[in-house]
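Numbering (the numbering used here), first residue to last: 17 to 191.
Take a look at the structure:
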């Protein structure tokens, strides 16, 4: 198991800043590309899996031969906005991502990378799970974005440990 460290050590977040943040981004959800995708309003994105709560589609800038994003239909800003009650959502997102890989014939579940970028290293202010396979073939120029045990990326397993322990993910990292 990877060691988990306070996000505040790398990002300087205070308790007051953490409690003042909302679950949704300050920008309009009408402008959120992932909200448009999850509502079927983006004609360029093909959903590979979906259910009432989330959708899965290919990343437009794949870092590996198979690179999917799983996003909730409900607008949640980032993994730092999650609480203990969101643990089932994270697990369901990971399950959908694994199912998408299996749909593509991926059988080696040891050679995958599943997790979230952490603020401030997120490109879209809408929670999204990266699902990559094979992890051994992540592009060299993109690898730094998906290295575990850094403040950029937290695996779904480590996020679930934090959530299930009741530890706030606002201002947390896994180093």
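Glycine is no exception: its CB is placed at the ideal position from the N, C-alpha and C atoms. Quick caveat: nothing in here was measured; it's all calculated off a predicted structure.
Counting C-beta neighbours from all protein chains within 10 Å, is the total for residue i 16 or more, i.e. buried, or is it exposed?
| i | result |
| --- | --- |
| residue 171 | buried |
| residue 182 | exposed |
| residue 179 | buried |
| residue 54 | buried |
| residue 93 | buried |
| residue 67 | exposed |
| residue 130 | buried |
Considering only the alpha carbon of each residue, which of the options lies closest to residue i?
| i | options | result |
| --- | --- | --- |
| residue 47 | 157, 122, 156, 91 | 91 |
| residue 81 | 56, 68, 53, 158 | 158 |
| residue 134 | 149, 106, 121, 168 | 168 |
| residue 132 | 144, 84, 114 | 144 |
| residue 78 | 154, 164, 120 | 154 |
| residue 124 | 104, 56, 140, 150 | 150 |
Would you identify the three-state DSSP class for residue i, choosing helix, strand or coil?
| i | result |
| --- | --- |
| residue 181 | coil |
| residue 171 | strand |
| residue 148 | strand |
Less than 8 Å between the CB atoms is what I'm expecting for residue i and residue j, so what's the real figure, rounded?
| i | j | result |
| --- | --- | --- |
| residue 98 | residue 147 | Not confirmed; about 18 Å, so no contact. |
| residue 89 | residue 109 | 11 Å between Cβ atoms; not a contact. |
* Which ranges does the alpha helix (DSSP H) cover as unbroken runs of at least 4 residues, wholly within the stretch 93-141, from first to last along the chain? -> 103-119
* Hey, which unbroken runs of the beta strand (DSSP E) at 3 residues or more fall wholly within the stretch 57-88? -> 63-66, 70-74, 82-88
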